[in-house]
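Read in order, the letters of the sequence shown are residues 911 to 1074 in my numbering.
Don't be surprised by glycine CBs; every beta carbon is placed ideally from N, CA and C.
None of these values were measured; they are calculated from a predicted model.
Read the structure below first, then the notes.
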Amino acid sequence: NRNAGSTPAGFDYYLVWDGFNIPSWVLDDARAGKLGPLRVQEEALLSLIPLVEGHHYVIGSLLGTDGASTRRHEMAHGLYSTNAGYKEQVQSSLAKLSDECRSALHQKLLSVGYADDIEILTDETHAYMVAGATLDKQLEGYECAQVVQLEVLSTFEQHAGDRK
């Protein structure tokens, strides 16, 4: 929902969040007019993104932010969406979290504005485990989360290779 998180100035997630990602199906829908009239900013962004066949992700980060951490976080989302083997390994690792730990991680994500959707929360949990930051305090309190984070990070390193 491109109106979620809108402010009076309009949808500005790319100014509020350090990084963002756009799955190819969203780009395809925007280009086909399925999302309704596009804002000037959305048209400008679309004009910069070449047409590419197949499922892919576009990622971006703001200047002046911790670019490496943000890119790793956004790359993790891309891999999770486009690489079934990666997603399967990550889900296997995340399944090792206790219910209490998973709930604490999800509550932290909800408190900073993420949607209450299990797929989104699972993907975000994994992306933050790859990049660090937002979930650090929650991870410190749970030894099993630290073990899972190392597994997820190892999976990312195996799949991202030199692209990170």
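Among the bridge pairs identified by DSSP, N931 is matched with I969. Listed in chain order, the non-local C-beta contacts of G964 below 8 Å within the same chain comprise S934, local neighbours out to five positions each way being set aside. Judged by DSSP secondary structure, G995 falls within the alpha helix (DSSP H) whose first and last residues are A994 to L1004. A check of alpha carbon separations from F1066 across L1031, I1028, H1016 and A1037 identifies A1037 as the nearest. For the pair V1000 and K944, the Cα-to-Cα distance works out to about 32 Å. The residue among C1011, A994 and D928 with its C-alpha nearest the C-alpha of H1069 is A994. The beta carbon of G977 sits closer than 8 Å to those of S971, all from its chain and outside the five residues before and after it, given in chain order. The beta carbons of G946 and I969 sit no closer together than 8 Å. With respect to the 8 Å criterion, E1053 and S1003 are not classified as neighbours on the basis of their beta carbons. Leaving aside the five residues that flank E1034 on each side, the residues in its chain whose CB is nearer than 6 Å to its CB run, in chain order, L1019 and Y1024. In the three-state DSSP reduction, A1014 falls in the helix class (H, G or I). D939 and L961 have their C-alpha atoms roughly 12 Å apart.
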